[in-house]
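Asks:
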Amino acid sequence: MTFWETVTGSDITREWKAFEVRAEALPADHRAAWDQIKVYVFPHADFTGRNLMPILDGVLGLLEETAADGQGIREVLGDDIGGFCAALTGGEGARDYRDRWREQLNRNVAKKLGRLGG
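If you want it as structure tokens, here you go:
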């Protein structure tokens, strides 16, 4: 990855397009699960989303393998796709981008108030 790719995010765009091409080849139930997984996992992305790429690549590989084996999506993930995604991202209650931004804002406000009060 070059500096320019890092700055512009073109590497992520290219990888994301490859994910979507792979997902299009999946059966309908696996594609629907892929769409739900993306929704559940995205709030746990960092600013660029690079931290999710290995996770999503692994999940897509799992979906591809199980589709090739003829397994249904319920056999693979069960009925709780949200729970599956929570386990992928660090468990229920794992920090997401809102939590990180809230903590940063609180630190910045505390610093400013510390300067004003002291």
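With the sequence shown counted from 1, adding 41 to any position gets you the numbering used here. Quick reminder that beta carbons are idealized off the backbone N, C-alpha and C, glycines included. Source: prediction; values computed, not measured.
(1) Do the region 143-151 and the region 92-99 meet, that is, are 3 or more Cβ pairs less than 8 Å apart?
(2) So, helix, strand or coil for T130, using DSSP?
(3) Assign F162 to one of two classes, buried (16 or more other C-beta atoms within 10 Å of its C-beta) or exposed (fewer than that).
(4) Quick check on the burial criterion: 16 or more other C-beta atoms within 10 angstroms. Buried or exposed for T49?
(5) List the endpoints of the continuous alpha helix (DSSP H) containing P95.
(6) Since I114 contacts D52 with CB under 8 Å, what's their CB separation in whole angstroms?
(7) Using the three-state DSSP reduction, which class does D76 fall into: helix, strand or coil?
(8) Under three-state DSSP, which class holds D52?
Replies: According to the structure data:
(1) No: the two stretches stay apart, fewer than three of their Cβ pairs being nearer than 8 Å.
(2) Within the sequence shown, numbered from 1, the residue matching residue 130 stands at position 89. DSSP places T130 in coil when its eight states are reduced to three.
(3) Look at the range of the chain in this structure, 42 to 159, and you will see that residue 162 is not part of it.
(4) Against the sequence shown, residue 49 aligns to sequence position 8. Exposed, since its Cβ has fewer than 16 Cβ neighbours within 10 Å.
(5) Working through the sequence shown from its first residue, we reach residue 95 at position 54. Segment M94 to A109, the alpha helix (DSSP H) holding P95.
(6) By 1-based counting over the sequence shown, the position of residue 114 is 73. By 1-based counting over the sequence shown, the position of residue 52 is 11. Not confirmed; about 30 Å, so no contact.
(7) Locating residue 76 in the sequence shown gives position 35, counting from the first residue. It is helical.
(8) Along the sequence shown, one-based indexing puts residue 52 at 11. It is helical.
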